[in-house]
Amino acid sequence: EEFDKKLGSYCSEVLTNMKNCNKVIEVHKENLVSSQKSTDKLMETLKKTEKAEHKLKNSFFNMEDDIDFVHEILNEEFKFQAIHNKSIDGTNSKTHEKKPLVNVESKKKLLATLRAIDNGDSIESLEESGQPGIMKEIFGHLAH
Numbered sequence: 496e497e498f499d500k501k502l503g504s505y506c507s508e509v510l511t512n513m514k515n516c517n518k519v520i521e522v523h524k525e526n527l528v529s530s531q532k533s534t535d536k537l538m539e540t541l542k543k544t545e546k547a548e549h550k551l552k553n554s555f556f557n558m559e560d561d562i563d564f565v566h567e568i569l570n571e572e573f574k575f576q577a578i579h580n581k582s583i584d585g586t587n588s589k590t591h592e593k594k595p596l597v598n599v600e601s602k603k604k605l606l607a608t609l610r611a612i613d614n615g616d617s618i619e620s621l622e623e624s625g626q627p628g629i630m631k632e633i634f635g636h637l638a639h
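Per my numbering, the sequence shown starts with residue 496, numbered consecutively.
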C-alpha cells in the first residue's frame, strides 16, 4: 500500500510536470510564430528597400511610370518626419525655461565699473564716492 501511494504521487507529479512543460512549449510556439511573422515582415521590407535602392541606383525616373514610387518615398519620409518631430516636441516641452547666464547683481557690478571707467574715475574714486566696499564687491579678494 505504501508503494502504491508513492507510485500514485510520483505519477501525479509526472502528470503535473508534463502539463506545465506543455504550457511552456505552447507559449514558446506562440512566440516562435510571432517572431517568424516579424522576421517575414522585416524580410519583406528589406526586399522592398533593396528593390527601391536598385531602382534609384540603376535608372532614371520616367515621371509617368515612376510617380507612384516617388509618391511612396515621399509619404514614408513625411511619416518619419512627423513621428520624429513629435518626439522632438515632446522632449523640448519638458526642458526648463531659459535663464540668463549672468545674474542681475553681476550685471549691476559690471555696469557700475563700466560707468566709472567711462567717467574717467580711478579705482580709488569708487571707494571714495560714498559706496564703501564696492571695490571688494566688484573685484572680490583682489581689491585690497
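For every residue, glycine included, the Cβ atom is placed at its ideal position computed from N, Cα and C.
- Separation of N553 and V519 (C-alpha to C-alpha, rounded to the nearest whole angstrom) is 50 Å.
- DSSP places E600 inside the alpha helix (DSSP H), whose first and last residues are V599 to D613.
- Residue state for E496 is assigned as coil, using DSSP reduced to three classes.
- Straight-line measurement puts the Cα of N517 at about 15 Å from the Cα of S507.
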